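Residue numbers (our numbering), protein chains in the order written: chain V, 265 to 579; chain S, 265 to 579; chain Y, 265 to 579.
Read the structure below first, then the notes.
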């Protein structure tokens, strides 16, 4: 999440009750998680395993639960509960204050765009020209929709990330990571009926220009989809994944989190992608392999009885 | 389904045109199917295969299409068409009489709960405090939602059970089992966008406290989900299944009906659970096996060509 | 798509700027794609590979980008861009002019049919008697719903076909094939919550009488489903497929495009049907095989280590 204007680190420290070590005079431009963090951002870390990564990341301001050395020009904000501090910052700068109108007064809708009945357009949403937003679509706060976009009925854009912190000591084990990111849908994208595209936790979920999705497709938080991709019905993509341009995913394909699918890859129906795969190739299986190798495997399996007979003397 | 007050068995017999054998003076507290039946309940049976199970179940009143011996203190209600009798009872005590307002006057909404635009709240729904019900959500009659529950946009709570009686003799083969059960969602549950949770046929579908579900998840009728479970996107669970506490189901997992998944089990993405599995273990495959055993199987399959060459002398 | 009245071919030629070769005096009754074309129809073809098939199909009028011989009684409409000509014809006879009311004045709703709040009924929709259309359902223009049909909440009927022409030379690779077909749902059908049924591209998607679908089911454009079928939750069927009567598809089954599943076939959960399969049999696997053969395969795979030990002397 980018703040509307840079926010003095001293204000942030006051808000979350933290002590500042290092550069006390800086101003933060936003807050992000470690995968998406940029220069000028706040980041938070509460697990020793990730201390070094966060301190040495692009982030300028690190909310941390241990006093340690601070690199030149950066600041550490020391507090016992970095996760709670993150929630406080999000709630302060992006408070949940939902529009109770079907189309929020703070949203902006382009020329020749049709918003059909019972479509909900939240606060600060921007929709481009020549779009069709079908009935019963929900577009939540801060999402951005380009020109010539079609969203079929019942689809949800900007639902919260499925992202929880585990606290098994408590009766309720999972504490929600508040979502303050957006969904950005570029021009000429078409999204089928009853799809769901989650907003980024603190960065953006992006659907590249010209990409087309069939019905009941799920796209997780912070996932970045390239241009001119084709996703068939019931495809599901987990969070923080990168799908490069011109990738084709056939029906019911599942893609795991944080991986990359290279440009132009084709994945056959019902396959499962659990690690990054190169572009320009065709894949099949759960987990996926090169499609032709996978097909050969089916033939080899059928030969086991023949092998058995030869070796064991009988079936 | 529990009646509002106990109903004399003589009234029920009159309603369905049945003859009473046994205890003519009792009163029924509700009606349930055989899997969920309790002491004081009505149950119905029309197939000789299930006569004994129903007569000897906890049910106090058995609607049956054959005159037979009645255990002490119970009553048989003899009628040619027990299934039609069941439908008559449901239609009498839970007539379909949908609210035509977006929020029914007979529903109750707790403090600080936000109901966003175009969300539909049916008759006799009870929603707790501090909930967020997002746009275009549908919560149907008699469902109960606890405190601190979040339901993302487009989700449907309390759709009818997918449960039909087969009558192949008729041009239309399937006759619907009317759903008179509820969905009960306990506190601190979060449900993603465009999910569907069916009501119980005559008992309740229950989602335990602290459980979190991602988008496009389907939960069948009468399924009972424990506390602090995590279900990733596009998981599907059939009817009358028991998922114990702290179970984790990754994306696109499918779970068959009437089985049990033990406490703390983890099922990897795209797996299929067709029989009950023990808790505390990790599973993979369709159908599932121990995940490590399944992984080894992938290695063994890759060795078939080598075996073939050794045995057959060439590939 | 059938025109309201037969349209002189000379009018069509003028509309799309084509030259007529052959029968200049005919009138077209509709426009269809090659799989669905009937006598009296227009069809279009822009790829030499399909010239002969289209010219020799049942179509009476062929929009084509090459001057060639015309069979007696037919007409060729010669134009450089047949695909653009198709779009012009669809936009002329079925312009996108969405109703901005929740229930369009041009729709027709039968006796005792209940349309619940926030359900959208588009232009020229016809709904029969004794139906229940639940909240937040979307039924788009020209769809036809028979008697005694139940559509659970959140379902979308008549979303656009997922059908694009690839034009890789352009920055946006895919150009949408405008959908002018319908969805026809016959009597006594029940459709679960948050399902999606796409309209035909130029013909009709049909759901046969008595068929029942669970939640989150996807049916592609131009697919024809027979009578008394049962589809469990999260089934996905691609476009232009034929499912004969009494077919049972269990949960999360995927079915590829343009194939046929024979009468009474049963396909077990999570299977993938990629080619046509015969009726009256039971299938399992992805891709599917005879279910019993597939089960045996699982047993054979488990025997590989034993084979290996015998042949190689050790595991």
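Ideal Cβ positions, reconstructed from N, Cα and C, are used throughout, including at glycine.
Please read these numbers as outputs of a predicted model, since none were measured by experiment.
In three-state terms, what does DSSP make of residue i?
i	result
residue 477(Y)	strand
residue 278(S)	helix
residue 542(V)	coil
residue 428(Y)	strand
residue 436(V)	coil
residue 571(S)	helix
Looking at the secondary structure, which residues open and close the alpha helix (DSSP H) in which residue i lies?
i	result
residue 622(Y)	Residue numbering for chain Y in the displayed model covers 265 to 579; residue 622(Y) lies beyond these limits and cannot be assessed.
residue 555(Y)	555-566
residue 350(S)	346-357
residue 367(S)	It is not in any alpha helix (DSSP H) - residue 367(S) carries neither H nor E in the DSSP assignment.
Just list the residues that DSSP pairs residue i with in beta bridges.
i	result
residue 286(V)	339(V)
residue 469(V)	447(V)
residue 454(S)	414(S) and 476(S)
residue 306(S)	295(S) and 325(S)
residue 511(Y)	Per DSSP, none; premise fails for residue 511(Y).
residue 517(S)	In the DSSP output, where bridge partners are listed per residue, residue 517(S) has none listed.
residue 482(Y)	460(Y) and 500(Y)
residue 494(S)	476(S) and 512(S)
residue 531(Y)	513(Y) and 547(Y)
residue 524(V)	506(V)
residue 372(Y)	390(Y)
Using a 10 Å radius around the Cβ and a threshold of 16 neighbouring Cβ atoms, would you call residue i buried or exposed?
i	result
residue 283(V)	exposed
residue 469(Y)	buried
residue 299(S)	exposed
residue 577(S)	exposed
residue 644(S)	Since the first and last residues shown for chain S are 265 and 579, residue 644(S) lies out of range.
residue 406(V)	buried
residue 266(V)	buried
residue 437(S)	buried
residue 434(V)	exposed
residue 441(S)	buried
residue 296(V)	buried
residue 276(V)	buried
residue 358(V)	buried
residue 342(Y)	buried
residue 520(V)	buried
residue 563(V)	exposed
residue 570(Y)	exposed
residue 614(S)	This structure gives no information on residue 614(S), because the portion of chain S shown stretches from 265 to 579.
residue 322(Y)	exposed
residue 462(S)	buried
residue 278(S)	exposed
residue 430(S)	exposed
residue 308(Y)	buried
For residue i, report the span of its beta strand (DSSP E) as first-last.
i	result
residue 317(Y)	From DSSP, residue 317(Y) is part of no beta strand (DSSP E) but of the alpha helix (DSSP H) over 315-319.
residue 420(V)	420-423
residue 462(S)	460-462
### Message
Pairs of beta-carbons, one from the region 473-488 of chain Y and one from the region 396-403 of chain Y, closer than 8 Å: are there three or more?
### Response
Counting Cβ pairs under 8 Å, fewer than three are found: no touch.
### Query
Three or more beta-carbon pairs under 8 Å between the region 370-382 of chain Y and the region 349-360 of chain Y, yes or no?
no
### Task
Give a yes or no on contact between the region 454-461 of chain S and the region 480-496 of chain S, applying the rule of three or more CB pairs nearer than 8 Å.
yes
### Cβ contact (3+ pairs, closer than 8 Å) linking the region 418-433 of chain V and the region 481-496 of chain V
yes
### Query
Are there three or more Cβ pairs, one per stretch, closer than 8 Å when the region 539-555 of chain S is compared with the region 274-288 of chain Y?
no
### Message
Quick check: the region 514-521 of chain S against the region 491-506 of chain S, are at least 3 beta-carbon pairs closer than 8 Å?
### Response
Touching, yes.
### Task
Spell out a yes or no on whether the region 360-371 of chain V and the region 379-388 of chain V are touching, meaning 3 or more CB-CB pairs, one atom from each, closer than 8 Å.
yes
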